[in-house]
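Numbering (this note's numbering), first residue to last: 95 to 355.
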């Protein structure tokens with residue numbers, strides 16, 4: 095199985111004022127292979143968002159190295175890394191252009207990473223395809239191809255963000271608590287769509303979630319972050335033995351171990 099992402103001894107520290115430094119990522123070593131669907135759990139301040147931001151290039155590592163398919167990209171800019179990654183954020187307003195229609199947003203995503211030239215955008219030629227993939231969402235998005243994205247509901251907009259992120263196959267799909275801002279019913283619908291899109295294209299995915307049920311029910315691997323360290327890295331078989339109560343033990347302030355019993 096080919097390797098997609100590798101973090102080697104990744105360290106991120108920040109100046110905490112008063113000549114103090116705080117370690118956000120603490121010698122993180124992580125390898126993700128092709129086809130892995132990894133769910134990420136951790137409490138506030140565990141380093142989840144920092145992990146994603148250092149992968150995407152939003153912030154730079156203090157020490158350590160980052161590789162994509164064995165290519166060192168540690169010093170690549172966020173723009174240069176964009177061809178490898180697609181990301182769906184927690185806020186439905188991020189990841190889409192609000193004044194552009196659903197079809198126009200999808201067209202942008204379709205040509206992601208391609209050289210921009212002065213040519214016809216060929217929107218009409220793609221309408222049947224866009225209608226087809228939007229109809230698979232199940233929330234009426236196919237009826238809004240000509241609707242400005244800013245007029246969509248939060249669930250529709252987040253579903254559109256997911257479609258855009260998976261329209262062209264990224265090396266790694268980053269899902270940054272992408273269901274957190276949605277109500278339970280809409281969140282469940284989006285997770286079904288998420289799994290469908292990942293399986294159909296055999297995508298490699300790293301998903302932060304605060305919903306423990308999703309951490310147990312989705313993905314073939316689970317990593318748990320605490321104080322900037324990966325304290326558990328569980329296979330699908332190990333994860334299937336866990337209950338939500340086991341996961342809750344991790345979030346107890348005085349619990350230093352993650353119970354697998």
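Yeah, the Cβ is synthetic: ideal placement off N, Cα and C, and Gly gets one too.
Residue burial classification, residue i (beta-carbon count within 10 angstroms, cutoff 16)
i, result
"residue 238", "buried"
"residue 108", "exposed"
"residue 283", "buried"
"residue 147", "buried"
"residue 166", "exposed"
"residue 285", "buried"
"residue 116", "exposed"
"residue 142", "buried"
"residue 212", "Low per-residue confidence applies at residue 212: pLDDT is 41, beneath 50, and the placement is therefore not dependable, though the value from the model is reported in the following sentence. Exposed."
"residue 144", "buried"
"residue 329", "exposed"
"residue 320", "buried"
"residue 178", "buried"
Beta-bridge pairing of residue i - partner residues as DSSP gives them
i, result
"residue 299", "131, 267"
"residue 109", "115"
"residue 161", "100, 166"
"residue 327", "317"
"residue 153", "Answer is none; residue 153 lacks a bridge partner."
"residue 136", "319"
Own chain residues within Cβ distance below 7 Å of residue i, not counting five before or after
i, result
"residue 158", "101, 102, 103, 104, 105"
Cβ neighbours of residue i in the same chain (closer than 6 Å, five flanking residues each side left out)
i, result
"residue 203", "258, 261"
**Item:** Three-pair Cβ contact test at 8 Å for the region 168-177 versus the region 256-263
**Value:** Because the criterion of three Cβ pairs below 8 Å is not met, the region 168-177 and the region 256-263 do not touch.
**Message:** Any contact between the region 149-163 and the region 321-338? By contact I mean 3 or more CB pairs, one from each, below 8 Å.
**Reply:** Taking a contact to require three or more Cβ pairs closer than 8 Å, the region 149-163 and the region 321-338 do not qualify as touching.
**Prompt:** Touching or not, the region 292-306 and the region 124-137, by the rule of three or more beta carbon pairs under 8 Å?
**Reply:** In short, these stretches touch, since the Cβ pair count reaches three.
**Prompt:** Within the chosen definition, does the region 180-195 reach the region 269-276 through at least 3 CB pairs nearer than 8 Å?
**Reply:** In this structure the region 180-195 touches the region 269-276; the number of beta carbon pairs closer than 8 Å is three or more.
**Request:** Give, in chain order, every unbroken run of the beta strand (DSSP E) that is at least 3 residues long and sits entirely within the region 213-256.
**Result:** None, since the region 213-256 contains no complete beta strand (DSSP E) of that length.
**Asked** Should the region 321-329 be regarded as contacting the region 288-296, the criterion being three or more beta carbon pairs within less than 8 Å?
**Response** Counting Cβ pairs under 8 Å, fewer than three are found: no touch.
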